[in-house]
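Protein chains in written order, with this note's numbering: chain A, 23 to 301; chain B, 1175 to 1490.
No residue lacks a Cβ here, since even glycine has one placed at the ideal position from N, Cα and C.
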Amino acid sequence: MATARTSYLRAGLIHVALVSYTLIALFPVFLTLINSFKSRNAIFREPMAIPTPSTFSLVGYETVLKQGDFIGYFQNSLIVTVVSIAFVLLFGAMAAFALSEYRFRGNLLMGLYLALGIMIPIRLGTVAILQGMVAAGLVNTLTALVLVYTAQGLPLAIFILSEFMRTVSDDLKNAGRIDGLSEYAIFFRLVLPLVRPAMATVAVFTMIPIWNDLWFPLILAPGEETKTVTLGAQMFIGQFVTNWNAVLSALSLAILPVLVLYVIFSRQLIRGITSGAVK
Amino acid sequence: MSDIDTADPEIAPIKRPVRWHILVFLAPAFLVYTAIMILPLIETLRLSLYNLVDGETVFVGLANFVTLFSDPRLAANFWNALGNNLIFFVIHMLVQNPIGVALAAMLSVSKLRFATFYRTAIFVPTLLSFVIVGFIWKLILSPIWGIAPSMMDWVGLKWMFAPWLGKPESALITVSLISVWQYVGIPMMLIYAALLNIPDEVLEAAECDGITGWSQFWKIKLPLILPSIGIISILTFVGNFNAFDLIYTVQGALAGPDGSTDILGTLLYRTFFGFQNQMGDRSMGATIATVMFLIILAGVSLYLFVIQRRMRRYQF
């Protein structure tokens, strides 16, 4: 009886602690979202209130869409993110397959070489990356960003995918070889479909830092044509500091796609983390 | 492994056709990674040994480092940034990781209701970009909007409110705590995963011996998740000594007020690109990047060769 009561008490305390932390985590985001739909007066008079018909206003969003080319920024971010992820997954899976499937001289060394980038941030090479991009005429192009993000995403992708590829059964691959499949066909038609869940995990891990990055867009592609959402929002807010409606709306526009994607992929992401994909 | 390759070439010197497919599989990743990541990194390290003298790039040895450590203005900036970066890291280790462990420990309590919801919600800030997080907190802490003071008023702490981001003595701590708020999800998730991997038999055995609740956490679970705590520590270290975005967004490139939030990332940016009346300096930028590289390398090596080796790992 006593133990039952203490365990109820304990569960209650745990819930109190977790609910409070959840509030701390979500409150700032919630506050931004609700205030972006309010008129300027309401933002200051009752910042905590949910927008009512009398305080509802879209003036912030109007300013944002008129003044900044947010649709263009979204397009840029989307192109950069999707193309980079595609390259990371394709090249990463190919390299992971080579490392996990074949024994050849230098295999271990190659694996270590490719894993270096997990710990050493690519940012430290910025000085020379910029120099190289200038020499190649790629400054202010989305190509420059795609190249950098592909290189940045590869080490972790190869590491995670080769762990998973080791679990694909040898019998299956050997059966394919006996049936006369080439090594390429074995990779593309037998192995890739089997590691699809791991690919999804890698895609999510690769996506977040690319979508959120400010450093490389700021340095490699700051032009109006190639601004990503993160950089666009940063610069827009910098110009409109005093226009609270516009600032809050710009922030909400930058939050929403991430939130929507998270709601769709959160299971995948959390399963990926908790299944020990990153160890 | 593959059946093609079971024979050791030393023992059976049969001439094998070159396995081109291995090369094809490895080449794209190897080329992109080498060209965009490794070569620029090496080039940056090399550039730190060169400088412009009379308009020409010449080899100057370690002169750039001597300048960085001893030039009155530059050295002051550098030591200030390094010191701030250390404080930034210490705050993360003392606040972010313990909170992360505590949240994970609570989430992993068996049969806890709504655990998925809590986990999903607490991870939300981690997904947002620094730009969003930085501006949101700037607005909340702004005395103009008054969200923070009025919330503190509810609990009777209004007198404690100050424009924390604007004061040199509190700005760095405030920025660090914002970063902690954003990143607490990562230690939480990794520790949570580690806790879930502890086999039930171990915990049942502990319960049979009368070790439950608090003492179970300290005596059984914590020693078992130590390797994961090691990993989050090194991830925090690398992330912190490479941080830039949040400070740039919240306090600008000058990392004000009065350089009190300047860390190595913002110093690198200002030195390399120049800011206001200061000219950009490529060699000095490369020098700072090299110092950051050495700091991160030292941390990672310490972890890989000393801490990880000593750590006892349990196999189940």
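For Glu205 (chain A), return the contacting residues in chain B, with the cut-off set at a CB-CB distance below 7 angstroms. Within the first sequence, the letter at position 183 stands for residue 205 (chain A). Simply His1195.
In the DSSP assignment, the alpha helix (DSSP H) including Thr252 (chain A) goes from what residue to what residue? To locate residue 252 (chain A), count along the first sequence from 1; it is residue 230. Start and end: 251-261.
Residues in its own chain within less than 8 angstroms of Val86 (chain A) by CB, not counting five upstream and five downstream? One-based indexing of the first sequence puts residue 86 (chain A) at position 64. Closer than 8 angstroms at the Cβ level, and outside the excluded window around Val86 (chain A), lie Phe92, Phe258, Ala268, Ser271, Ala272, Leu275.
Apart from the five residues on each side of it in sequence, which residues of its chain come closer than 7 angstroms, Cβ to Cβ, to Ala222 (chain A)? Numbered from its first residue, the first sequence carries residue 222 (chain A) at position 200. Taken in chain order, the residues that qualify are Gln290.
Give the secondary structure of Ile1470 (chain B) by DSSP, where H, G and I count as helix, E and B as strand, and everything else as coil. For this step, residue 1470 (chain B) is matched to residue 296 along the second sequence. It is helical.
Listed from N- to C-terminal order along the chain, which residues in the region 145-176 of chain A have their beta-carbon within a distance smaller than 8 angstroms of any beta-carbon of chain B? Arg145, Leu146, Gly147, Thr148, Val149, Ala150, Ile151, Gln153, Gly154, Leu169, Val170, Thr172, Ala173, Gln174, Leu176
Residues that Val1227 (chain B) bridges to, as DSSP identifies them: Reading the second sequence from its first residue, position 53 is the one you call residue 1227 (chain B). Partner(s): B:Glu1230.
Count the other CB atoms, across all protein chains shown, that sit within 10 Å of the CB of Lys60 (chain A); report buried if there are 16 or more and exposed otherwise. The count along the first sequence starts at 1 and reaches residue 60 (chain A) at position 38. Buried.
For Phe1449 (chain B), does the three-state DSSP call read helix, strand or coil? Position 275 of the second sequence holds residue 1449 (chain B). Of the three classes helix, strand and coil, the one that applies to Phe1449 (chain B) here is strand, per DSSP.
What are the start and end residues of each continuous beta strand (DSSP E) run of 3 or more residues lying completely inside the region 55-140 of chain A, in chain order? none
Would you call the region 243-256 of chain A and the region 93-100 of chain A touching, i.e. three or more CB-CB distances under 8 angstroms? yes
Are the beta-carbon atoms belonging to Ala166 (chain A) and Leu242 (chain A) less than 8 angstroms from one another? Walking along the first sequence from the start, residue 166 (chain A) turns up at place 144. Walking along the first sequence from the start, residue 242 (chain A) turns up at place 220. A distance below 8 angstroms separates the beta carbons of Ala166 (chain A) and Leu242 (chain A).
Using the beta-carbon of each residue, which ones in chain B are nearer than 9 angstroms to Tyr284 (chain A)? Sequence index remark: in the first sequence, residue 284 (chain A) carries index 262 (1-based). Chain B residues near Tyr284 (chain A): Thr1294, Phe1297, Val1298, Leu1301.
Does Gln256 (chain A) have its Cβ less than 8 angstroms from a Cβ in chain B? As a first step, residue 256 (chain A) must be located in the first sequence, where it is residue number 234. Gln256 (chain A) counts as touching chain B.
Report back the beta-carbon spacing between Asn1259 (chain B) and Asn1414 (chain B) to the nearest angstrom; my notes put them in contact at under 8 angstroms. Residue mapping note: residue 1259 (chain B) aligns to position 85 of the second sequence, counting from 1. Residue mapping note: residue 1414 (chain B) aligns to position 240 of the second sequence, counting from 1. Contact holds; Cβ gap of about 7 angstroms.
Of the residues B:Gly1387, B:Leu1442, B:Tyr1443, B:Ser1350, which one's Cα is nearest the Cα of Ser1284 (chain B)? By 1-based counting over the second sequence, the position of residue 1284 (chain B) is 110. The residue with the shortest Cα to Cα distance from Ser1284 (chain B) is B:Gly1387.
Where does Thr264 (chain A) fall in DSSP's three states? Here the question's residue 264 (chain A) lines up with position 242 in the first sequence. Coil.
Give me, in chain order, the residues of the same chain whose beta-carbon lies closer than 8 angstroms to that of Leu177 (chain A); leave out the 5 immediate sequence neighbours on both sides. Position 155 of the first sequence, counted from the first residue, corresponds to residue 177 (chain A). In the sequence on display, residue 177 (chain A) carries Pro and not Leu. Contacts found: Leu136, Ala137, Leu138, Gly139, Ile140.
Quick check: the Cα distance between Pro1337 (chain B) and Leu1256 (chain B), rounded to an integer number of angstroms? As a working mapping, residue 1337 (chain B) is identified with position 163 in the second sequence. As a working mapping, residue 1256 (chain B) is identified with position 82 in the second sequence. If I take the Cα positions, the gap works out to 25 angstroms.
Would the beta-carbon of Gln1356 (chain B) fall within 8 angstroms of that of Val1424 (chain B)? As a first step, residue 1356 (chain B) must be located in the second sequence, where it is residue number 182. As a first step, residue 1424 (chain B) must be located in the second sequence, where it is residue number 250. Not a contact, by the Cβ cut-off of 8 angstroms.
What I want to know is whether the C-beta of Gly1257 (chain B) ends up closer than 7 angstroms to one or more non-hydrogen atoms of the ligand FAD. No copy of the ligand FAD appears in this structure; indeed no ligand is present at all.
Who are the near neighbours of Leu160 (chain A) in its chain, counting only those whose CB is closer than 6 angstroms to its CB and skipping five residues on each side? In the first sequence, counting from the first residue as 1, residue 160 (chain A) sits at position 138. For Leu160 (chain A), where only same-chain residues beyond five positions count, the Cβ hits under 6 angstroms are Ala166.
Between the C-alpha atoms of Met155 (chain A) and Leu169 (chain A), what's the straight-line distance to the nearest angstrom? In the first sequence, residue 155 (chain A) corresponds to position 133, counting from 1. In the first sequence, residue 169 (chain A) corresponds to position 147, counting from 1. Rounded to the nearest angstrom, the gap between the Cα atoms of Met155 (chain A) and Leu169 (chain A) is 10 angstroms.
What is the DSSP secondary structure of Phe1288 (chain B), reduced to helix, strand or coil? Residue numbering aside, residue 1288 (chain B) sits at position 114 when the second sequence is read from its first letter. Three-state result, Phe1288 (chain B): coil.
Would the beta-carbon of Val1329 (chain B) fall within 8 angstroms of that of Val1412 (chain B)? Taking the first residue of the second sequence as 1, we reach residue 1329 (chain B) at position 155. Taking the first residue of the second sequence as 1, we reach residue 1412 (chain B) at position 238. No, they are not a contact pair.
At 8 angstroms on the CB atoms, spell out the chain A contacts of Val1232 (chain B), in chain order. Along the second sequence, read from residue 1 onward, the residue named residue 1232 (chain B) stands at position 58. Simply none; closest approach about 17 angstroms.
State the Cα-Cα distance for the pair Phe227 (chain A) and Ser288 (chain A), rounded to the nearest angstrom. Along the first sequence, one-based indexing puts residue 227 (chain A) at 205. Along the first sequence, one-based indexing puts residue 288 (chain A) at 266. Cα-Cα distance, rounded: 11 angstroms.
Where Pro1373 (chain B) sits in the DSSP three-state scheme: Residue 1373 (chain B) sits at position 199 when you count from the first residue of the second sequence. Reduced to three states, the DSSP call for Pro1373 (chain B) is coil.
Starting from His1266 (chain B), trace the alpha helix (DSSP H) in both directions and tell me its first and last residue. Taking the second sequence and counting its residues from 1, the one referred to as residue 1266 (chain B) is at position 92. Counting along the chain, His1266 (chain B) falls outside any alpha helix (DSSP H), and DSSP gives it neither H nor E.
Hey, does Leu1286 (chain B) have any beta-carbon neighbour from chain A nearer than 8 angstroms? Walking along the second sequence from the start, residue 1286 (chain B) turns up at place 112. Chain A, which has a Cβ nearer than 8 angstroms to the Cβ of Leu1286 (chain B), makes this yes.
Are the Cβ atoms of Leu1215 (chain B) and Leu146 (chain A) separated by less than 8 angstroms? The sequence position of residue 1215 (chain B) within the second sequence is 41, counting from 1. The sequence position of residue 146 (chain A) within the first sequence is 124, counting from 1. Closer than 8 angstroms, so yes.
Segment limits, alpha helix (DSSP H) that includes Pro1342 (chain B): Here residue 1342 (chain B) is taken as the residue at index 168 of the second sequence, counted from 1. Taken as a continuous stretch (DSSP letters only), the alpha helix (DSSP H) holding Pro1342 (chain B) covers 1342-1357.
Tell me the residue span of the alpha helix (DSSP H) that contains Ser1389 (chain B). Translated into positions along the second sequence, residue 1389 (chain B) becomes position 215. Per DSSP, Ser1389 (chain B) belongs to the alpha helix (DSSP H) from 1387-1390.
How would you list, in chain order, the residues of chain A whose beta-carbon sits under 8 angstroms from the beta-carbon of Phe1446 (chain B)? In the second sequence, counting from the first residue as 1, residue 1446 (chain B) sits at position 272. In chain order: Thr148, Val149.
Mind listing the chain B neighbours of Ile56 (chain A)? Cutoff is C-beta to C-beta under 8 angstroms, in chain order. Counting from 1 along the first sequence, the entry for residue 56 (chain A) is found at position 34. By Cβ distance, chain B contributes nothing, its closest Cβ being about 12 angstroms from Ile56 (chain A), past 8 angstroms.
Of all the residues that make up the region 1436-1467 of chain B, which are near chain A by a beta-carbon distance shorter than 7 angstroms? Phe1446, Arg1456, Gly1459, Ala1460, Ala1463, Met1466, Phe1467
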